[in-house]
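Take the position in the sequence shown, starting the count at 1, then add 548; the result is the number in full-length UniProt numbering.
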Amino acid sequence: HAAKQLSLPIQVYHASLESRAVQRLSLAADLRRAIESAELEVYFQPKVTLAGRRVIGVECLARWEHPTHGHVPPTEFVAVAERTGQLGRLTELVLHEGLRRCRDWIDAGRPLAVAVNISPRTLMDAAFPARVGELLREHDVPAHLLTLEITEDGMVGETERPLPALRKLEEMGVRLAVDDFGTGYSSLSYLRSLPVHEVKIDQSFVQGMATDPGDLAIVRAVVDLARHFGLTAVAEGVESELTLSLLEEVGCDVGQGYLFSRPLPHERFEAWLAAQTEPDPVPVGVLGHGG
Ligand code: C2E
Ligand code: MG
Ligand code: MG
Ligand code: MG
């Protein structure tokens, strides 16, 4: 152990910094183990159409319950994975799990689309699109049922480096979503030039729209923009009925948030799904009486 630590280019200035560095080191080793075992899990959160209240897909979210540190937020362990060369394996794990469930839903006669979050760095890997193709074939899932969610900064990048991968994925028929839309630094015009199919409005605007007219205006503008370019508008972080009715009013297509369901482990998600009563077709007799 000591030898390993000595060879690391970390300068230790005082005790708290040292403990953080050591903790990070052990997290990296633990993450390797967690990815190989069942410790790292994938949770599912439904995406629901606002007009018909139909569950059309799920977002796959990685969860890590560390045996001693407890819950480690995904933003944290994704960063550890990036720093320690484990991002590829983490992404594969989530893709595998999502596509496997997707196949099961197709077989059960209730196809749901699966969305997986992709780190900007993954798009820089020229081999990534082909790997996605292999996984789709392996699980026998049509490409249009897979959505990759990427933040706007990740799509645009500092250069145009992500573009070839995005174009290749689009050619394959994979859907692409801009995640956390509105929080990046890019201009709106890129929505027109990038191969994008879905815009996920960041939850900060969605949660603010009931009380802040500025947030409401932003959500309305993004929904209009999405409609104009033929993209699906998705609201993240829908927590209240009031927010839901405002989203319906502005014509947002799809919602996702605690109001519908928290992200759930697979078994509990299946139970939640089974308990959903999709809107029944209008009975013929009722239609006849309208006049
Ligand atoms: P994201 O892709 O924007 O995911 C949405 C986040 O909002 C999730 O947090 C979800 O649990 C949370 N959320 C959903 N509905 C609500 C709501 O109604 N209210 C509130 N307050 N929050 C809600 P989570 O799971 O902690 O993930 C955080 C971020 O970590 C994700 O943001 C995504 O960027 C990243 N992430 C998660 N899993 C993966 C993964 O497998 N790979 C990569 N690269 N990133 C991941
Ligand atoms: Mg996402
Ligand atoms: Mg998001
Ligand atoms: Mg987010």
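Just so it is clear, CB atoms sit at the ideal spot from N, CA and C, and this is done for glycine as well.
| Item | Value |
| --- | --- |
| Assuming Glu589 and Arg581 make a contact with CB atoms under 8 Å, what is their CB distance in whole Å? | In fact, because the Cβ distance is near 14 Å, the residues do not count as touching under 8 Å. |
| So Thr699 is in the beta strand (DSSP E); what residue range does that whole segment cover? | Leu694 to Thr699 |
| Tell me, to the nearest whole angstrom, how far the beta carbon of Glu697 is from that of Val744; I am working on the premise that it is less than 8 Å. | Actually they do not touch by this definition, with Cβ atoms about 11 Å apart. |
| Does Thr825 pass the burial test, meaning 16 or more other C-beta atoms within 10 Å, or should it be called exposed? | exposed |
| Return the residue from the list Asp673, Arg669, His614 and Leu683 that minimises the CA-CA distance to Asp701. | Arg669 |
| So is Ala713 buried or exposed if we call it buried at 16+ other beta carbons inside 10 Å? | buried |
| Assuming the contact rule is C-beta atoms closer than 8 Å, Gly605 and Leu660 should be a hit. Round their C-beta distance to whole Å, please. | 5 Å |
| By Cβ distance, which residues of its chain are closer than 8 Å to Asp704, with the 5 residues on each side in sequence left out? | First, the amino acid is wrong: residue 704 is Val here, not Asp. Only Pro710, Gly732, Ser734, Tyr738 and Leu742 meet the Cβ criterion. |
| Quick check: is any heavy atom of ligand 3 less than 6 Å from the C-beta of Lys748? | yes |
| Measure the alpha-carbon distance for Asp727 versus Thr616 and round it to whole angstroms. | 31 Å |
| Extract the residue ranges of the beta strand (DSSP E) inside the segment 777-837, only unbroken runs of 3 or more that lie entirely within it. | 780-783 |
| Between Leu609 and ligand 1, is there a pair consisting of the residue's CB and a ligand heavy atom that are separated by less than 6 Å? | yes |
| Ala822: buried (16+ other C-beta within 10 angstroms of its C-beta) or exposed? | exposed |
| With a CB to CB cut of under 6 Å and the five nearest residues on each side skipped, what residues in its chain are close to Gln559? | Caution applies to Gln559, whose pLDDT of 48 falls short of 50 and renders its modelled position unreliable; the model cannot decide the point. |
| Measure the beta-carbon distance from Leu794 to Ala758 and round it to whole angstroms, keeping in mind my assumption that it falls under 8 Å. | 6 Å |
| What's the gap between the Cα of Gly785 and the Cα of Glu708? | 30 Å |
| Does the distance from the CB of Cys608 to the CB of Gly646 come in under 7 Å? | yes |
| Taking 6 Å as the cut-off, is the C-beta of Ser734 nearer than that to any heavy atom in ligand 1? | no |
| Among His619, Glu640 and Val771, which has the Cα closest to the Cα of residue 842? | Residue 842 lies beyond the residue range present for the chain, which begins at 549 and ends at 839; the question has no answer from this structure. |
| Is any heavy atom in ligand 1 found nearer than 6 Å to the beta carbon of Val642? | yes |
| Which class does Ala765 belong to by DSSP, given the choice of helix, strand or coil? | helix |
| Which value, in whole angstroms, describes the spacing of the CA atoms of His687 and Gly762? | 44 Å |
| Per DSSP, Trp612 is paired with what? | Leu588 and Val620 |
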